[in-house]
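Under numbering that gives the first Met the number 0, the first residue of the sequence shown is numbered 0, with each subsequent residue one higher.
Cβ atoms here follow ideal geometry from the backbone N, Cα and C, with glycine treated the same way.
Bear in mind that the values here come from a model prediction, so they are computed numbers and not experimental data.
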Amino acid sequence: MMNLIKSLGIWIAAAILIVILPYVFPSGASITTMCLMGIMIIFALSYNMLLGQSGMLSFGHAVYYGLAAFVTAHTINWAIKSGVPLPLPLIPVAGAVTGLIFGIIFGSVSTKRAGTAFAMISLGLAELVYSSSLILRSFFGGEEGISADRTKLIRFFGYNFGPQIQVYYLIAAWCLLCVILMYAITRTPLGRMCNAVRENPERVEFVGYNPQLVRYIAFSLAGLFAGVAGSLAAINIELAQASFVGAAQSGAVLLAAYIGGVAFFVGPVLGAILVTYLSLTLSDFSEIWVLYFGILFVVIIMFAPYGLSGLLMMHAQFWRGPLGSRLARFGRLFGAYLVAAVPALIMLGGAILFIEMIHHVAQKGAEGANMHFLRRNYITINTHSVLPWIGGIVAMIGGFFAFRLSWPTVANAWHKALLDAQRSGA
Numbered sequence: 000m001m002n003l004i005k006s007l008g009i010w011i012a013a014a015i016l017i018v019i020l021p022y023v024f025p026s027g028a029s030i031t032t033m034c035l036m037g038i039m040i041i042f043a044l045s046y047n048m049l050l051g052q053s054g055m056l057s058f059g060h061a062v063y064y065g066l067a068a069f070v071t072a073h074t075i076n077w078a079i080k081s082g083v084p085l086p087l088p089l090i091p092v093a094g095a096v097t098g099l100i101f102g103i104i105f106g107s108v109s110t111k112r113a114g115t116a117f118a119m120i121s122l123g124l125a126e127l128v129y130s131s132s133l134i135l136r137s138f139f140g141g142e143e144g145i146s147a148d149r150t151k152l153i154r155f156f157g158y159n160f161g162p163q164i165q166v167y168y169l170i171a172a173w174c175l176l177c178v179i180l181m182y183a184i185t186r187t188p189l190g191r192m193c194n195a196v197r198e199n200p201e202r203v204e205f206v207g208y209n210p211q212l213v214r215y216i217a218f219s220l221a222g223l224f225a226g227v228a229g230s231l232a233a234i235n236i237e238l239a240q241a242s243f244v245g246a247a248q249s250g251a252v253l254l255a256a257y258i259g260g261v262a263f264f265v266g267p268v269l270g271a272i273l274v275t276y277l278s279l280t281l282s283d284f285s286e287i288w289v290l291y292f293g294i295l296f297v298v299i300i301m302f303a304p305y306g307l308s309g310l311l312m313m314h315a316q317f318w319r320g321p322l323g324s325r326l327a328r329f330g331r332l333f334g335a336y337l338v339a340a341v342p343a344l345i346m347l348g349g350a351i352l353f354i355e356m357i358h359h360v361a362q363k364g365a366e367g368a369n370m371h372f373l374r375r376n377y378i379t380i381n382t383h384s385v386l387p388w389i390g391g392i393v394a395m396i397g398g399f400f401a402f403r404l405s406w407p408t409v410a411n412a413w414h415k416a417l418l419d420a421q422r423s424g425a
């Protein structure tokens, strides 16, 4: 009974948070960002049904996202032209059906193999669909895509979904519904069998289950939820374009899942929020922001293979026991992390300065020697001077060695916190 109350409390708290967020961040840019985050959360969780839960690495998950977006745009235009009283909140159902249908079709081929073969098949199907998007202009609209006007549909309880805040609550409602459904699937026997197929498909077959059928069902359901995300994306920007089915979109969801952590259900949620936020903000600071995304991905894979959620779960054991002990543990850890953070930031700043100067010299040398660091006019650096280069190298190398020297301090604080947690029964 207590577990049920606790579970319901989490979802109720999530619903309340969704409702109040536009009042905490009322600007138009913030609401638009939260809309994109909601869409990416659904998309990343649907991808994690393949990767994190079933062990299927896909390079073409954007296919179901993109095809659902095009069907959504055509559905809106058809409803407007035919005068069918179809309210906008029901349109994502068309995207869900589209994702499910294509998941069933493509899954019947790709799930016959696992591992590397499955990944290559998914990549081939993705390239097939993307190339078709530039050929079948009647459906995909060519490079211009298919546009749709959501405000011309029948009003839903007086709302025409013209203002972005109304679209936000539509996306938020679908996001919460899909998250609940995907979490519920993980608690079913199907979800458990997906985990078993991921870990040991031979043993699953030995106990009487068909691993290919389990993968097929998971693949189809992942396509369904990806279709919902694609439909909401088309509703949000009132456009479906070829990039929706491209490799960049598949790569973005892979980044979100891995950075957040595929081993935990909350991982892709954290990754989707972070990746969306960084993709919108980093471009204001650097033209080569994609490079920093790649570096972040490599660092996560090498040093935190369970992602951000894994790092958070490592600290969950310290949040048990008496309040005084908990505060003491986190105080000790925070002090050690602060000691390590200072040289880490110096190292990071030096590396960014070095990379930005190389990019300026290589790509913008004709514009002059002066570079506005991180696109800030009040920070001008002369790339023809030797001092900035020496400063960047010294900060990068010196910061690294200082950061390396701080590791024993962090390890010692972690060890003491762990011993204290064990003594208190945590």
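Under the DSSP definition of a beta bridge, Leu238 partners with Ser146. Under the 10 Å beta carbon count, Phe263 is surrounded by 16 or more other beta carbons and is classified as buried.
In terms of CA proximity to Arg214, Asn199 leads the group Asn199, Ala228, His358.
Phe155 is bridged by DSSP to Tyr158. For Asn47, the uninterrupted alpha helix (DSSP H) segment begins and ends at 27-49.
Apart from the 5 residues on each side of it in sequence, Val203 sits with its Cβ closer than 6 Å to the Cβ of Ala195, Val196, Pro210 in its chain, given in chain order. C-alpha of Ile351 to C-alpha of Gly334: approximately 26 Å in a straight line. Phe24 is classed as exposed because its beta carbon has fewer than 16 other beta carbons within 10 Å across all chains shown.
His371 has Thr379 as its beta-bridge partners, per DSSP. Shown here, Ser53 sits in coil according to DSSP, grouped into three states, outside any helix or strand.
Under the DSSP assignment, Phe243 falls outside any alpha helix (DSSP H); it carries neither an H nor an E label. Taking the Cα positions, Ala171 is about 35 Å away from Tyr336.
Contact between the region 108-128 and the region 58-70 is present: 3 or more CB-CB pairs across the two stretches fall below 8 Å.
Contact annotation: Ser230 and Thr32 have beta-carbon atoms that are not nearer than 8 Å. About 6 Å separates the Cβ atoms of Leu152 and Leu85, confirming a contact at the 8 Å cut-off. Annotation for Thr408: Ala335, Val338, Ala339 place their beta carbon closer than 8 Å to its own, counting only its chain and skipping 5 residues before and after. The beta carbon of Thr150 sits closer than 8 Å to those of Asn159, Phe160, Gly161, all from its chain and outside the five residues before and after it, given in chain order. Only exposed fits Gly8, as fewer than 16 other CB atoms lie within 10 angstroms of its CB. Inter-residue distance for Ala118 and Ser324 is about 47 Å (C-alpha atoms, whole angstroms). Rounded to the nearest whole angstrom, the CA to CA distance from Met301 to Ala271 is 20 Å. In this structure the region 283-299 touches the region 254-262; the number of beta carbon pairs closer than 8 Å is three or more.
By the neighbour-count criterion, in which 16 or more other beta carbons inside 10 Å mark a residue as buried, Phe205 falls on the exposed side. In the DSSP assignment, Val92 falls within the alpha helix (DSSP H) that extends over 90-109.
With contact defined as three or more Cβ pairs closer than 8 Å, the region 110-117 and the region 85-97 are not in contact. Ile299 and Phe284 have their C-alpha atoms some 22 Å from each other. Pairing Ile15 with Lys363, the inter-Cα distance amounts to about 49 Å. With the rule of 3 Cβ pairs closer than 8 Å, the region 241-248 does not count as touching the region 89-102. The three-state reading of DSSP puts Ser423 in coil, since its state is none of H, G, I, E or B. Under the 8 Å Cβ criterion, the region 217-236 counts as touching the region 38-46, having at least three qualifying pairs. Per DSSP, Arg319 lies in no alpha helix (DSSP H) and is assigned neither H nor E.
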